[in-house]
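Chemist: The sequence shown runs 2 to 202 under this note's numbering. Beta carbons are placed, not taken as given, at the ideal position from N, Cα and C, and that holds for glycine.
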Amino acid sequence: MEKFTKLSGIAAPMPLMNIDTDMIIPKQFLKTIKRSGLGVNLFDEMRYDDDGNEIPDFVLNKPQYREAQILVAGDNFGCGSSREHAPWALLDFGIRCVISTSFADIFYNNCFKNGILPIALPQEDVDKLMDDAERGANAVITVDLENQTITGPDGGEITFEVDAFKKHCLLNGLDDIGLTMEKAASIDAFEAKAAEARPWV
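1) Please identify the residue among Gly38, Glu125, Asp50 whose C-alpha is closest to the C-alpha of Ala74.
2) Leaving out the 5 sequence neighbours to the left and right, which residues in its chain are closer than 7 Å to Lys167 when beta-carbon positions are compared?
3) Give the range of the alpha helix (DSSP H) segment to which Ile25 is assigned.
4) On the CB-based measure, 16 or more other CB atoms within 10 Å of its CB, does Trp89 come out buried or exposed?
5) Could you tell me the distance, in whole angstroms, from the CA atom of Thr150 to the CA atom of Leu172?
6) I'd like to know if the region 64–83 and the region 3–14 are in contact, where contact means that at least 3 CB-CB pairs between them fall below 8 Å.
7) Of all the options Arg84, Asn77, Leu17, which has the alpha carbon lying nearest to the alpha carbon of Leu39?
8) Quick one: what does DSSP say Leu92 is sitting in, helix, strand or coil?
9) Should His169 be labelled buried (16 or more other beta-carbon atoms within 10 Å of its own) or exposed?
10) Pull the bridge partners of Val144 from the DSSP assignment, please.
11) Quick one: using the 10 Å Cβ neighbour count with 16 as the cut-off for buried, is Phe191 buried or exposed?
12) Can you name, in chain order, every residue of its own chain whose Cβ lies under 6 Å from the Cβ of Glu158, other than the five neighbours on each side?
13) Could you say which of Ile107, Ile96, Asn77 lies nearest to Ser9 if we only look at CA atoms?
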């Protein structure tokens, strides 16, 4: 998993409330078990019309937000079903950080396991960042995970809270497999001892 330390990127405003996982990646795209290739269908039903043409008014179809790496969203982001494809699709598009006032628990935890930083902030702080994001390509926001700060395009700084263990995992690029592999030496020692004690197994 790619490490998350400091991210400076364009922030896209999406002030909708209750954006659920089916909106993030509709059910017809859940057949794959690959983490790549889902970005093109991120927010599919909002991004494209029935003929597959881009809807110009959708935020991520606008030229100034096509390279967005940060999403500033409305309350209760990632609600609905627990599909892990939702953070896969966000990451494949290029979104590394989502900022909202609240997240659905399963989506929130899935983000950390896939290298995305979800940040929950008070409404007034989200409103400030939403206003910054409305500036288009000038809406460059810097998220510093080590120092737990968000710096807006005018230099204003907001602090955020994050669980210490989840922070450690993101800073070091550790998903569940990576965490297990940190114990590889201990696992190997246990297996060797078990094989010696029970060679018939």
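Modeler: Checking against the coordinates, here is how it stands:
1) Glu125
2) Phe113
3) 22–25
4) buried
5) 14 Å
6) Yes: the two stretches touch, three or more of their Cβ pairs being nearer than 8 Å.
7) Arg84
8) helix
9) exposed
10) Leu8, Ile151
11) exposed
12) Thr150, Thr152
13) Ile96
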